[in-house]
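Peer 1: With the working numbering, the residue at position 47 of the sequence shown is 155, and numbering never jumps.
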Amino acid sequence: MTDRNSHYRVAEGADAWALETAVKSLMDEGWIPQGGVCVVPAGVGEAKFFQAMTQNNKPAAPSLPAVAVAVPEAVADPGVM
109 MTDRNSHYRV
119 AEGADAWALE
129 TAVKSLMDEG
139 WIPQGGVCVV
149 PAGVGEAKFF
159 QAMTQNNKPA
169 APSLPAVAVA
179 VPEAVADPGV
189 M
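Quick look at the structure:
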């Protein structure tokens, strides 16, 4: 697995089972698979498996302070505004 960007990783495995294990491990840490699996030939009858993973660590938006709003009294004559 590469670790150059704190929000993007590539899980890899020598076979589908190894990739599945790596992906599940990252998912347990909050990573989300992005896109499909990439299979690259790595010799005669061999391949390497890759899966892009993303993580959204954006801080939550700050909550706005409570503001008191004055509401005008009901108008005695509804026709007057």
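Glycine included, every Cβ here is placed at the ideal spot set by N, Cα and C. Treat the numbers as computed from the prediction; the structure is a model and nothing was measured.
Tell me the rounded alpha-carbon separation between residue 119 and residue 136.
Peer 2: So the two alpha carbons sit approximately 13 Å from each other.
Peer 1: Please report the Cβ distance between residue 148 and residue 159, rounded to the nearest whole angstrom; I am assuming they are in contact, meaning their Cβ atoms lie under 8 Å.
Peer 2: Contact flag wrong, Cβ pair sits at about 12 Å.
Peer 1: Indicate the three-state DSSP secondary structure (helix, strand or coil) for residue 120 in the structure shown.
Peer 2: Residue 120: strand per DSSP, three-state reduction.
Peer 1: Rounded to a whole number of angstroms, what is the C-alpha to C-alpha distance between residue 156 and residue 117?
Peer 2: For residue 156 and residue 117, the distance between alpha carbons rounds to 16 Å.
Peer 1: Spatial neighbours of residue 121 within its chain, please: CB distance less than 6 Å, with the 5 preceding and 5 following residues excluded, ordered by chain position.
Peer 2: Cβ within range, chain order: 127, 130 and 157.
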